[in-house]
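Residue numbers (our numbering), protein chains in the order written: chain A, 2 to 288; chain S, 2 to 288; chain P, 139 to 535; chain V, 139 to 535.
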Amino acid sequence: MSILLNHETRAVVQGITGRIGSVQTAWMLEYGTKLVAGVTPGRGGERVQGLPVYDDVYAAVEKHGANATVLFVPAPFIRDAVLEAIDAGIKLVVAIPEHVPLHDVLRMKSAAEKNNVWLLGPNTPGIISPGIGKLGIMPGNMFMRGQVGIISRSGTLSYEMAGLLKEVGLGQSTMVGVGGDPVVGSRMVKILQEFEADPETEAVIIVGEIGGNAEEEAAAFIREMKKPVVAYIAGRTAPAGRRMGHAGAIISKGQGTVESKIKALEKAGAMVAFKPSDAARLTRECL
Amino acid sequence: MSILLNHETRAVVQGITGRIGSVQTAWMLEYGTKLVAGVTPGRGGERVQGLPVYDDVYAAVEKHGANATVLFVPAPFIRDAVLEAIDAGIKLVVAIPEHVPLHDVLRMKSAAEKNNVWLLGPNTPGIISPGIGKLGIMPGNMFMRGQVGIISRSGTLSYEMAGLLKEVGLGQSTMVGVGGDPVVGSRMVKILQEFEADPETEAVIIVGEIGGNAEEEAAAFIREMKKPVVAYIAGRTAPAGRRMGHAGAIISKGQGTVESKIKALEKAGAMVAFKPSDAARLTRECL
Amino acid sequence: MKLLEYQGKNLFAKYGLPVPRGKVAEDPQEAEEAAAQLGERVVLKAQVPVGGRGKAGGIKYISHPQQLFAEAEALFRMDIGGFPVEKILVEEWLEAVKEIYMGLLVDADTGDIVFLFSPEGGVNIEAVAASRPEKVFRLAVDPLAPPPLYRLRAFLRQGGFQGKILEELTKIAARLLQLFFAKELLIGEINPLAILPDQRVLALDAKVEVDDNALFRQEFEKKFWEEQDLLEKEARHIGVTYVKLNGSVGVIGSGAGLAMATMDMLEERGYAPANFLETGGGITEDLMYNALKLVCKNSQVAGVVINLYGGVNPIEKGAKGIVRFVRETQSPPPIVVKALGNKQEECWETLREGGVTVVTSVKTEDAVDSIIKLINSRKEKGANLGGEEVNRDEHTA
Amino acid sequence: MKLLEYQGKNLFAKYGLPVPRGKVAEDPQEAEEAAAQLGERVVLKAQVPVGGRGKAGGIKYISHPQQLFAEAEALFRMDIGGFPVEKILVEEWLEAVKEIYMGLLVDADTGDIVFLFSPEGGVNIEAVAASRPEKVFRLAVDPLAPPPLYRLRAFLRQGGFQGKILEELTKIAARLLQLFFAKELLIGEINPLAILPDQRVLALDAKVEVDDNALFRQEFEKKFWEEQDLLEKEARHIGVTYVKLNGSVGVIGSGAGLAMATMDMLEERGYAPANFLETGGGITEDLMYNALKLVCKNSQVAGVVINLYGGVNPIEKGAKGIVRFVRETQSPPPIVVKALGNKQEECWETLREGGVTVVTSVKTEDAVDSIIKLINSRKEKGANLGGEEVNRDEHTA
């Protein structure tokens with residue numbers, strides 16, 4: 002098993018005709034992902050990386066039973082592309098781009114919630130269920146099938162965490178990148194609930210960072226969880242009031258500090274590591 | 002009994018502070034109608050004809066349990082006033098004004114349908130259940146409590162029909178003015194269904210006119226009705242292609258003629274009268 | 139109110155809908171000048187607010203510039219569906235490889251807005267709709283939630299298009315929808331929407347109907363109603379609805395249904411109405427005075443029957459306007475007033491004191507019979523002012 | 139990006155939100171001229187992009203024109219929250235009979251837009267919110283279906299208003315909402331919104347924050363970021379995010395999390411980062427070259443640790459940029475590159491051939507240890523180019 006992305010997943014690539022879309026499609030196919038079609042308005046009838054390209058998502062759903070999508074659409078157009086996917090009945094939407102206007106994110110999120118859709122991102126590396134497939138930009142070679150679930154606000158740190166787990170002999174059931182924006186499509190706590198319910202997952206690592214209160218909110222659920230949770234929070238040395246690359250990574254009016262997050266997580270019974278390699282070690286120890 | 006407007010009705014008057022709103026409120030109160038409040042944005046705190054005035058419909062619902070509204074709001078503002086009433090939970094909306102932009106009517110109608118609201122009008126005389134009350138501009142002295150239901154696309158002709166029934170000794174359970182616009186809030190056939198189900202109503206008179214196909218649509222249901230239906234259709238002498246006062250009264254591309262309506266109604270088993278006084282006589286004969 | 143083709147196309151252009159290059163001309167000279175800027179081959183299109191213009195010869199294809207002046211002259215001499223040709227649209231002559239139909243309109247029966255689309259557009263669209271309805275695609279449009287671009291794209295794809303052309307059609311559909319809502323149209327139709335050999339997509343015609351009731355908040359480049367019948371224009375000014383007819387008995391009703399029923403009963407008695415006039419709910423003394431004056435401007439009018447209800451209308455005030463008209467007019471025609479409802483007694487009293495014939499019966503046929511009787515007696519006796527009373531059915535409370 | 143008060147008020151005015159009469163001045167002379175048009179009593183307000191300006195003495199109430207010049211001069215000499223006062227807003231001095239708070243902002247935790255409203259606004263709004271939360275009313279706003287006017291009216295009525303004032307507040311709320319959506323604001327706040335003795339309602343302050351990500355489709359009168367740190371401005375130009383810090387080790391990461399973790403581990407080892415630099419997903423040879431050059435412009439930088447993953451980023455191309463920088467720079471500082479993911483071997487080879495220290499371990503602390511070692515050995519030995527290899531943990535596939 003795995004969460005969200007599994008053997009039933011039949012994905013479409015929106016923005017497949019772009020440079021990044023095309024290259025990443027090749028990587029996803031090479032990794033064994035079940036991609037059924039690409040979509041780019043105005044490019045219907047072409048083929049990219051061997052996949053048929055349609056003008057709209059509805060066509061990919063009708064003809065191939067697509068139920069997931071990964072988007073490489075430029076930020077200015079991603080809102081409508083996501084709303085289309087949701088309207089077409091897609092239930093897992095992975096929005097890769099960064100720099101998406103916040104009002105667009107709010108609309109995407111509102112539509113996703115109304116339609117019970119998993120929206121990952123924007124500004125996410127995507128999702129990977131090793132051995133099954135990946136919808137996103139993560140390097141497949143860092144990941145390995147296994148029993149640890151990863152939830153990450155950072156792409157690069159999630160790769161590092163997977164690599165460190167491999168060093169201690171552990172693989173992942175699924176790694177979910179929630180996205181680095183101040184508002185993202187899916188709440189960390191919801192994904193924790195999925196991992197808690199997944200029979201394959203035996204422990205969960207949260208890779209958090211400064212800003213927001215996703216980790217604090219997750220803590221409330223960790224208290225009730227049966228599975229062990231290990232966390233690492235990046236940004237101990239980040240100055241207050243400055244955005245650290247991710248639009249969401251900012252300590253604002255004393256909110257969203259590493260200390261506040263560690264306190265909430267530890268109080269809820271999570272093991273908090275001082276650096277990523279410690280998190281891998283702690284996870285190893287509790288399995 | 003009666004339909005739509007009954008002893009449970011607690012109505013608010015939107016646009017009560019206007020000249021017509023104020024005068025008609027006095028007439029409605031004199032007729033014994035249960036009016037609980039008036040609403041005019043910007044005039045909250047005043048009193049008109051002894052009724053408290055609020056800035057919004059929600060307040061009238063909260064404080065007086067209002068469940069119906071009659072609107073004397075000028076045409077340019079009526080859309081939002083109706084949408085507000087629907088949003089506040091009102092279930093009977095009587096929109097008196099004429100010259101309402103069609104796009105506004107479409108929005109009002111769409112909202113009414115989504116919320117299971119009876120919307121009468123726009124361009125309606127309103128509704129009267131004699132002996133109970135009236136929400137509208139009809140002269141009360143023309144009506145009398147009794148067992149005939151009237152559905153009318155014309156205000157003045159409905160008064161005439163009520164007066165003619167009185168001459169033959171018949172009163173009305175309820176008279177419903179659906180409105181004279183090309184698109185109105187409630188379909189004639191729906192109101193027929195209410196009359197068919199109402200124990201007090203023993204016969205129904207349809208006062209139709211040229212234009213549209215409301216009468217033809219009603220005919221499909223008349224076929225199944227147990228109660229007798231009598232109809233008069235105005236506009237035999239109206240030239241094709243010209244709007245006859247009511248925006249909806251126009252024979253367009255050969256559609257909506259008196260002949261087409263009479264044919265459909267007679268085929269369905271309704272008795273069609275050549276003039277209003279004949280309709281009153283025919284109704285008398287079948288009771 | 140229907141816009142002329144060129145007005146519709148100007149509106150299209152404003153909303154980003156692609157139209158051919160063209161110019162309006164008001165005489166053959168202007169047509170020649172316009173054509174000179176457009177190239178060798180042009181089309182001349184008579185601007186009249188009726189359909190079937192092509193079949194009536196109102197469109198001329200000009201392949202040699204020297205034909206132009208004569209053809210334009212011929213067009214300006216035409217009268218199509220009762221409308222003299224006063225303007226010609228001179229346009230570049232474009233050949234389509236495919237003609238599409240695209241239209242937004244209101245289905246009055248259901249109150250739905252419908253988006254109609256057919257890959258087989260052109261002059262025979264009605265025949266296509268009748269014989270092969272599967273070639274006409276229909277999308278219901280919720281005015282509270284108009285379809286976004288992506289729904290339009292999926293809708294239009296049913297017509298068998300893909301790639302660049304589909305994208306072009308989608309943009310056009312979105313703009314048409316935007317125009318339809320922004321300007322509150324009753325009809326917004328493009329037929330044909332042409333695909334040219336170079337793959338451009340252009341609206342070769344424009345059918346736009348706007349909502350008179352929305353004009354208080356909408357601007358259009360020309361108010362076409364100004365070209366209507368003079369009496370009807372005056373009626374609009376007064377605040378009533380007037381339709382001129384061919385009979386001899388003037389009709390005024392305080393509601394459309396009542397006025398039509400009055401006409402119907404005149405006809406039953408063998409008389410024809412001279413007009414339809416409906417006051418709406420705004421009766422005042424002045425309005426009634428002006429309405430009566432307007433009706434009597436028609437020299438065919440031998441008498442006037444007035445049918446009123448006091449609901450929203452203060453008929454007691456209307457009565458004063460009628461009396462004033464009778465008093466101020468030299469030899470007014472016979473007038474009969476039937477008036478019931480709120481303040482009916484006050485109304486009757488005013489009329490009787492003013493010497494106007496009052497019918498207090500609820501039956502409109504009694505008022506009709508009364509005016510016929512007065513007209514006939516006037517014919518027999520010459521010009522007398524009517525002052526009789528008809529009271530056959532005075533049960534009214 | 140936060141707008142200055144006067145920029146926010148200009149935006150307010152454009153959207154029909156009532157603001158006091160006023161003018162911006164850039165020196166005391168201009169302030170005096172502006173005041174002359176406004177009357178005897180005016181307010182001088184320092185324009186700085188930080189809160190707490192009033193408490194810092196940045197607002198002066200002038201009741202006698204002769205005080206004005208000196209007070210303006212004093213303001214222009216001030217520095218508030220690190221920002222020198224370069225502009226003053228001169229406004230008519232209005233006294234409020236009541237101060238209201240009205241604000242639209244995004245609740246990042248839930249992703250909801252919230253409309254906040256309190257009849258007890260003014261400088262103490264945060265205290266009111268803390269001690270009497272029942273006096274702050276909250277309306278969740280669905281971005282897909284913003285509340286219509288009538289919902290706003292019912293919402294604001296909770297503040298105890300009715301009649302004309304309620305109607306005025308409702309209009310202001312609707313316009314603020316319209317502005318918030320039209321210009322895609324992150325924050326749109328009016329505090330205080332003042333009711334004046336003559337019952338007018340005016341926005342006495344304006345707090346507006348706009349979304350940098352939406353600037354490709356939104357225009358604002360002035361891009362405030364242009365006044366930021368020069369290196370940060372250059373970073374934006376290059377396409378990376380740079381934050382200047384106070385340490386000596388330059389940090390470049392191909393992701394924000396990774397860069398922050400690298401900083402955290404430097405600190406664990408007792409070293410402080412000289413900067414935070416995140417490349418985002420757009421690495422090219424040039425971008426990496428420019429990023430490295432930017433980091434090294436800071437004279438505090440004694441060495442640079444670069445931490446990359448090849449996911450969306452072509453690290454093999456980034457490697458070329460690093461090598462080019464090392465080659466073209468006279469005595470570059472020690473550089474350590476940790477790079478993993480797609481095409482990692484190609485990347486390592488390029489770096490090694492270029493003489494750059496490569497860490498192939500997955501542990502960021504190994505890269506940190508490596509740069510520390512190089513910096514220290516450089517200190518000991520003087521200026522040598524780094525060329526060693528650190529391979530403590532080469533399990534990576």
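Virtual Cβ for every residue (Gly too), placed ideally from N, Cα, C.
Counting only Cβ-Cβ distances below 8 angstroms, V:Gly154 has no contacts in chain A at all, with the closest Cβ about 21 angstroms away. Residues of the segment 282-293 of chain V that bring their beta carbon within less than 8 angstroms of a beta carbon in chain S comprise Pro286, Leu287, Tyr288, Arg289, Arg291, Ala292, in sequence order.
Listed along the chain, the chain V residues whose CB falls inside 7 angstroms of the CB of A:Asn214 are Asp247.
Within the segment 24-44 of chain A, the residues whose Cβ lies closer than 8 angstroms to some Cβ of chain P are Pro42, Gly43, Arg44, listed in chain order. Taken in chain order, the unbroken stretches of alpha helix (DSSP H) that lie wholly in the segment 212-238 of chain S and span 4 residues or more are 215-223. Taken through DSSP and simplified to helix, strand or coil, S:Ala280 comes out as helix.
Taking 7 angstroms as the cut-off, the beta carbon of A:Val190 is found no closer than this to the beta carbon of A:Arg154.
Cβ contact annotation for P:Phe221 (same chain, cutoff 8 angstroms, sequence separation greater than five): Val186, Pro187, Val188, in chain order. None of the residues of the segment 211-245 of chain P has a beta carbon lying less than 7 angstroms from any beta carbon of chain A. Judged by their CB atoms, P:Val228 and P:Val261 are not nearer to each other than the 7 angstroms cut-off. Residue-level contact by beta carbon fails for P:Leu331 and chain A, as no gap is shorter than 7 angstroms. The Cβ of V:Gly190 sits no closer than 7 angstroms to any Cβ of chain A.
Contact between A:His65 and A:Val37 holds: their C-beta atoms lie close to 4 angstroms from each other, under 8 angstroms.
The continuous stretches of alpha helix (DSSP H) do not include P:Ser256, which lies in the beta strand (DSSP E) extending over residues 250-256. Counting C-beta pairs with one atom in each stretch, the segment 157-165 of chain A and the segment 441-454 of chain V have three or more that are closer than 8 angstroms, which means they touch. Around P:Gly459, the same chain offers Glu423, Met426, Tyr427 as residues with beta carbons nearer than 6 angstroms, after the five sequence neighbours per side are excluded. Assigned with DSSP and collapsed to three states, V:Gly301 falls in helix.
With three or more CB-CB distances shorter than 8 angstroms, the segment 115-129 of chain S counts as touching the segment 83-93 of chain S.
By the neighbour-count criterion, in which a residue is buried when 16 or more other Cβ atoms sit within 10 angstroms of its Cβ, V:Asn384 is exposed. When C-alpha distances from P:Gly154 are compared across P:Leu317, P:Phe414, P:Pro285, the shortest belongs to P:Leu317. Listed by position along chain V, the residues whose Cβ is nearer than 9 angstroms to that of A:Glu99 are Asn351, Gly418, Gly419. Put simply, the backbone Cα of V:Arg407 is about 13 angstroms away from that of V:Asn514. Residues of the segment 444-456 of chain P with a C-beta less than 7 angstroms from any C-beta of chain S: Tyr447, Gly448, Gly449, Val450, listed in chain order. Taking C-beta separations shorter than 8 angstroms and ignoring five residues to either side along the sequence, the partners of V:Gly420 in its chain run Gly377, Asn451, following chain order. When the alpha-carbon of V:Ala234 is set against those of V:Leu243, V:Leu334, V:Gly219, the nearest one is in V:Leu334. Residue-level contact by beta carbon holds for A:Leu103 and chain V, with a gap shorter than 7 angstroms.
Its Cα nearest to that of V:Glu370, the residue V:Glu416 stands out among V:Leu149, V:Gly160, V:Glu416, V:Ile509.
Contact between A:Met226 and A:Glu197 holds: their C-beta atoms lie close to 5 angstroms from each other, under 8 angstroms. With respect to chain A, the C-beta atom of P:Glu372 has no partner C-beta closer than 7 angstroms. Unbroken alpha helix (DSSP H) stretches of 4 residues or longer found wholly inside the segment 76-103 of chain A: 76-88, given in chain order. By DSSP's assignment, P:Val442 forms a beta bridge with P:Gly388, P:Ile473. The residue from S:Ile206, S:Pro53, S:Ile17, S:Gly122 with its alpha-carbon nearest to that of S:Gly147 is S:Ile206. Three or more Cβ pairs closer than 8 angstroms define a contact, and the segment 327-341 of chain V meets that threshold against the segment 254-274 of chain V. C-alpha of S:Tyr55 to C-alpha of S:Pro42: approximately 7 angstroms in a straight line. In the structure shown, V:Ile453 adopts helical secondary structure according to DSSP, grouped into three states. DSSP, read as helix, strand or coil, puts V:Trp231 in coil.
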